[in-house]
Every structure is written in C-alpha cells, then in structure tokens.
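Participant: What follows is a single structure, and I will ask about it in a moment.
Numbering (my numbering), first residue to last: 11 to 162.
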C-alpha cells in the first residue's frame with residue numbers, strides 16, 4: 011500500500027508542514043497587503059463632495075433657462091427632500107422645494123442675471139458660487155449639508 015508523500019501522519023507530515031509554514035505566512039501577508047491596497051484605492055476613488063458642492067455646472071442636456079439644484083446631507087447618496095431652495099440675485103428670490111430625490115428645478119430663469127442657489131438644511135446655510143446661465147441649456151448644482159460648505 012503506497013501513500014503520497016506528506017499525506018499521512020508522523021514525522022514526514024510534520025516536516026512538510028514545518029517546511030511550508032513560512033511560505034503560508036508570506037502568502038497571507040501578500041493577501042493582506044493586496045486587500046488593504048484595494049480598499050484604500052476604492053476609498054480614494056469616491057468623489058470629494060466638498061469640491062463639488064456649490065459649483066455651478068453648465069449642462070447642455072437641460073432645457074434652456076433651467077437650473078436644477080440637488081440637496082444632500084453629508085454624502086452624495088443621502089438626499090434631502092422637502093427642503094426650500096432659493097435662487098437669489100434677480101429682482102426678488104424665487105423658491106422651490108426639493109422632491110424625494112433631493113432636487114429642486116427652476117424653469118424659465120432669465121439669462122444675464124448673476125445668481126446663487128441658497129438653502130438652509132438643519133440650520134446650516136448652504137450657498138452656491140455665483141453663476142449665470144449659459145447660452146444653451148441650463149445649470150446643475152449640488153448643495154451639501156454637513157460637509158463644511160457653509161458660505162456667507
């Protein structure tokens with residue numbers, strides 16, 4: 011009766027196990043390093059909401075004269091519904107309320123007027139950079155509460 015080397019018990023099995031112990035430890039160390047690197051890369055791949063918040067983005071896919079403001083809390087995936095948003099800068103402020111997706115849409119906004127989007131969420135005043143509508147399309151904005159974007 012023959013057995014494969016290292017499949018039984020006894021001194022031969024112990025020697026094989028001892029011989030591969032450093033290799034197994036090295037393999038686990040490599041797996042740990044790779045997993046850590048992948049997690050770190052994923053974390054850095056997330057957009058920095060503070061850099062996006064309040065910055066007007068011209069959008070040719072919106073109808074002419076349209077401003078869309080999305081309001082979130084702390085993360086891009088936490089919508090802030092039922093929030094009052096104002097466009098300030100014209101003759102008088104115009105207000106809309108965010109829907110379930112955290113968006114307030116303003117239509118027929120006049121061109122040539124410098125304005126800002128303003129909202130107060132959980133007592134935090136959020137304010138966009140000043141902007142004007144482009145010749146074609148509209149403007150998209152993101153206002154984010156709880157990320158230190160307070161201005162004014």
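Glycine included, every Cβ here is placed at the ideal spot set by N, Cα and C. Every value quoted in this text rests on a predicted model; they were computed, and no experiment measured them.
(1) Could you give the distance in angstroms between the alpha-carbon of residue 151 and the alpha-carbon of residue 31?
(2) If you check the beta carbons only, do residue 147 and residue 69 fall under 8 Å apart?
(3) Go ahead and pull the three-state DSSP assignment for residue 155.
(4) Can you tell me which of the three DSSP states residue 32 falls into?
(5) Please tell me whether residue 79 and residue 155 are closer than 8 Å, where the distance is taken between their beta carbons.
(6) Would you mind listing the beta strand (DSSP E) stretches within the region 82 to 140 that are 3+ residues and don't spill past its ends, in chain order?
(7) Would you call residue 133 buried or exposed, if buried means 16 or more other Cβ atoms sit within 10 Å of its Cβ?
(8) Which partner residues does residue 78 have in the DSSP bridge list?
(9) Using a threshold of 8 Å, state whether the C-beta atoms of residue 143 and residue 75 are closer than that.
Facilitator: With the structure as the only source:
(1) Taking the straight line from one Cα to the other gives about 57 Å.
(2) Less than 8 Å divides the Cβ of residue 147 from the Cβ of residue 69.
(3) Here residue 155 sits in strand by DSSP.
(4) Helix at residue 32.
(5) Against a cut-off of 8 Å, the Cβ pair of residue 155 and residue 79 comes out as no contact.
(6) You should have 94 to 98, 104 to 107, 113 to 116, 126 to 131, 134 to 137.
(7) The residue is exposed, with fewer than 16 neighbouring Cβ atoms inside 10 Å.
(8) Paired residue(s): 115, 150.
(9) Going by C-beta atoms, residue 143 is nearer than 8 Å to residue 75.
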